[in-house]
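>
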Amino acid sequence: MTTTVPAVRGLYFEEFEVGQKMISPGRTVTESDVVGFAGLSGDFNQIHTDAAYAENSPFGARVAHGLLGLSIASGLALRTGVLEGTVMAFREINSWKFVKPVYLGDTIHVVMEIVTTKAMKRLGGGKVELNFDVKNQKDETVMKGLWSVLVMGKPE
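Heads up: the sequence shown begins at 7 in the numbering used here, then just goes up one per residue.
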């Protein structure tokens, strides 16, 4: 038996409401993530790659790259399902702050809240601004900010 998964699972622009919140599943940041990201980005800073060095740093241990955490947050946002098949483009990081370090072994998740919506009929949808709060397993905010995405409108 074959099951066809619909191409669109996400919400259309008209279905987003200011104040609406979504919480992503969690994801543990691993050694493999950090090593792979260092290779991909070329950022082999010792705070990420050298345990002996990092032990004597202000963090006391190795930490994940900030941009790795940001990238994982982007993937977690998609895993909520609300943008799957309906997002047209990631438009902008309006603001972003790295609040606390993400350590190897931390499990992070994203709490997203719709802040504004703006119809953009010429694009066939609209802009949705989302407040991101990335939290660790202790429910501490590790990074936060405001993103804009373009989302398809409902088909006519």
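For glycine and all other residues, C-beta sits at the position ideal for the given N, C-alpha and C.
For clarity, every value in this text was computed on a predicted model and none was experimentally measured.
1. For K124, collect the residues of the same chain with a Cβ closer than 7 Å to its Cβ; drop the 5 residues on either side in sequence, then sort them by chain order.
2. Go through the segment 68-124 residue by residue and report every complete run of the beta strand (DSSP E) that reaches 3 residues or more, in order.
3. In three-state terms, what does DSSP make of K127?
4. Note the first and the last residue of the continuous beta strand (DSSP E) segment covering T147.
5. Would you report the Cα separation of M28 and F65, rounded to the nearest angstrom?
6. Using the C-alpha atoms, what's the distance from E21 back to G42?
7. To which residues of the same chain is P107 closer than 8 Å at the C-beta, ignoring the five residues directly before and after it?
8. For L17, does the three-state DSSP call read helix, strand or coil?
9. Starting from the Cα of S80, find the closest Cα among F19, E37, H115 and give me that residue.
Answer, in terms of the structure:
1. G132, K133
2. 93-104
3. The answer is helix: DSSP assigns K127 an H, G or I state.
4. Start and end: 147-158.
5. 31 Å
6. 37 Å
7. F65, V69, A70, V148
8. coil
9. Answer by Cα proximity: H115.
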